[in-house]
Amino acid sequence: MKHSPDKKPFKQAVNHHFTQNSLDDNQLRALSAMQESTPNTSPKRSKISYGIYATALSIVITVGIFLNISTGKIPEQIASEVVKNHLYMKPLDINSSDIKEVSAYFTMLDFLPLHSSEYNRNNPLLLGGRYCSIKGVTAAQLRYKNTEGIQETLYQVPYDADVFSDLPKLGEGEPPLILYERGLEVTMWVEKGLLMVASRPPK
Amino acid sequence: MFSQEQLQQLYRYGFSLCANQDDAYDLLQGSLERLLKHGCDDNSLSYCRATMRNLYIDQCRRQSIVPFHSLDNELPADINEHSLEELVIQQKTLEEIWPLFDTTDREILFLWAVLGHTAQEIADETGTVRGTVLSRIHRIRQKVTKYGQAIGLVENMEGSGS
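So the sequences go chain by chain: A and B. Position 147, counted from 1, in the first sequence is what the working numbering calls 147; the numbers after and before it change by one each time, with no gaps. Numbers in the working numbering are just positions in the second sequence, counted from 1, shifted up by 203.
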């Protein structure tokens with residue numbers, strides 16, 4: 001059973017390969033919150049356990065918010081996540097240039113993706129959409145082609161200042177926030193209760 | 204419903220199918236939404252894994268991808284689930300040869316190495332027969348030894364080392 005010291009049993013190596021991949025705190029928090037926000041039909045859970053879960057959840061959320069505040073830079077985190085998604089350009093779940101048809105596809109969202117007047121000022125062509133997430137919150141990714149034929153992505157997610165920080169609100173006359181990440185221009189603003197994040201090559 | 208530890212385990216199962224962290228998260232999230240939406244009373248991990256598997260297959264079909272390839276049941280007489288346990292390998296080597304594994308290989312490796320399933324348990328969970336699982340294990344072993352031994356970084360525990 002002797003083998004070289006830097007080698008390990010295959011099973012142990014495979015186990016290590018999988019366990020080095022873990023959900024991060026934001027993802028865990030989002031999945032836990034998703035479970036708690038949906039009524040469970042199981043009769044096994046008592047009111048006491050609901051209380052314990054609620055307390056634990058509030059602690060997790062509080063710690064999460066504190067960590068976000070202490071690290072600052074939430075817009076930069078959003079920009080980084082969005083640019084990563086933009087560069088992946090994964091296949092679309094639905095291909096259509098009709099915003100109504102694309103919106104109707106997203107049945108698993110608790111909001112309706114909409115036609116952004118701010119984003120559509122330059123009349124880009126809608127190509128379709130796919131599910132994605134921003135900071136662990138399920139979002140819609142809409143893909144467009146601009147007038148120069150370059151693909152752009154627009155992300156829409158319900159705006160929650162606790163999760164996404166205080167971002168410019170169009171309705172209050174605030175201009176969109178523009179950041180640059182990995183050579184791409186990322187613009188974010190709040191419109192009709194949704195956080196909009198657009199990613200495109202800079203002009 | 205699921206504890207954080209259980210969510211991590213489910214995420215890693217998703218990773219075994221998708222081989223991509225973002226896709227694994229999306230798959231787990233989509234599966235939980237599906238379970239919650241339908242108010243399912245079966246909160247077992249195996250039921251959630253089955254949901255993730257079905258959703259993954261749906262997604263692959265939409266993209267015209269064949270998620271799980273069939274395999275001839277050509278099986279050496281001496282193969283069993285312990286065949287893989289005889290191998291030793293450097294972690295770095297495993298990471299290098301990991302792209303050689305397809306979806307079925309990765310799923311079997313997860314169920315075997317992380318959950319400790321036997322070939323029969325893997326067959327039960329994946330809706331196949333034990334012989335097919337053993338064929339897959341044989342194929343995995345061939346991949347590991349072929350590419351690993353070529354650079355001298357895989358050996359058998361009980362063998363001479365090459």
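Note that CB positions come from ideal geometry on N, CA and C, so glycine has one too. Note that this is a predicted model, so its numbers are computed, not measured.
Interface flag, residue i vs chain B, CB-CB below 8 angstroms
i, result
"residue 86 of chain A", "no"
"residue 22 of chain A", "yes"
"residue 27 of chain A", "yes"
"residue 77 of chain A", "no"
"residue 15 of chain A", "yes"
"residue 6 of chain A", "yes"
Straight-line Cα distance separating residue j from residue i
i, j, result
"residue 322 of chain B", "residue 284 of chain B", "6 angstroms"
"residue 133 of chain A", "residue 9 of chain A", "37 angstroms"
"residue 44 of chain A", "residue 222 of chain B", "Confidence at residue 44 of chain A is low in this model, with a pLDDT of 45, below 50, so its placement is unreliable and no value can be given for it."
"residue 224 of chain B", "residue 218 of chain B", "6 angstroms"
"residue 135 of chain A", "residue 181 of chain A", "16 angstroms"
"residue 320 of chain B", "residue 213 of chain B", "15 angstroms"
"residue 27 of chain A", "residue 296 of chain B", "30 angstroms"
"residue 29 of chain A", "residue 291 of chain B", "37 angstroms"
"residue 126 of chain A", "residue 265 of chain B", "20 angstroms"
"residue 340 of chain B", "residue 261 of chain B", "25 angstroms"
"residue 188 of chain A", "residue 97 of chain A", "23 angstroms"
"residue 105 of chain A", "residue 94 of chain A", "7 angstroms"
"residue 252 of chain B", "residue 233 of chain B", "12 angstroms"
"residue 16 of chain A", "residue 313 of chain B", "11 angstroms"
"residue 20 of chain A", "residue 206 of chain B", "19 angstroms"
"residue 207 of chain A", "residue 6 of chain A", "Outside the shown range of chain A, which is 1 to 203, sits residue 207 of chain A, and nothing can be said about it."
"residue 55 of chain A", "residue 255 of chain B", "29 angstroms"
Beta-carbon spacing of residue i, residue j below 8 angstroms
i, j, result
"residue 347 of chain B", "residue 311 of chain B", "no"
"residue 215 of chain B", "residue 18 of chain A", "yes"
"residue 368 of chain B", "residue 326 of chain B", "Because residue 368 of chain B is not part of the residues shown, which for chain B are 204 to 365, the question remains open."
"residue 186 of chain A", "residue 197 of chain A", "yes"
"residue 35 of chain A", "residue 231 of chain B", "no"
"residue 193 of chain A", "residue 159 of chain A", "yes"
"residue 306 of chain B", "residue 248 of chain B", "no"
"residue 199 of chain A", "residue 153 of chain A", "yes"
Short CB-CB distance (under 8 angstroms) between residue i and chain A
i, result
"residue 298 of chain B", "yes"
"residue 264 of chain B", "no"
"residue 330 of chain B", "no"
"residue 224 of chain B", "yes"
"residue 310 of chain B", "no"
Nearest-angstrom beta carbon gap, residue j and residue i [assumed within contact, 8 angstroms]
i, j, result
"residue 237 of chain B", "residue 210 of chain B", "Not a contact, Cβ separation roughly 15 angstroms."
"residue 201 of chain A", "residue 150 of chain A", "6 angstroms"
TODO: Write down every uninterrupted run of the beta strand (DSSP E) in the stretch 290-353 of chain B whose length is 3 residues or greater and which is fully enclosed by it, in chain order.
DONE: Complete beta strand (DSSP E) runs here, min 3: 290-292.
- [ ] Enumerate, from N- to C-terminal direction, the unbroken beta strand (DSSP E) stretches of 3 or more residues contained entirely within the stretch 110-151 of chain A.
- [x] Segments of the beta strand (DSSP E) lying fully in the stretch 110-151 of chain A: 125-134, 137-145.
Open item on the list: List, from N- to C-terminal side, the alpha helix (DSSP H) runs of 4 residues or more that fit wholly inside the stretch 216-245 of chain B.
Closed with: Within the stretch 216-245 of chain B, the complete alpha helix (DSSP H) segments at least 4 residues long are 224-240, listed from N- to C-terminus.
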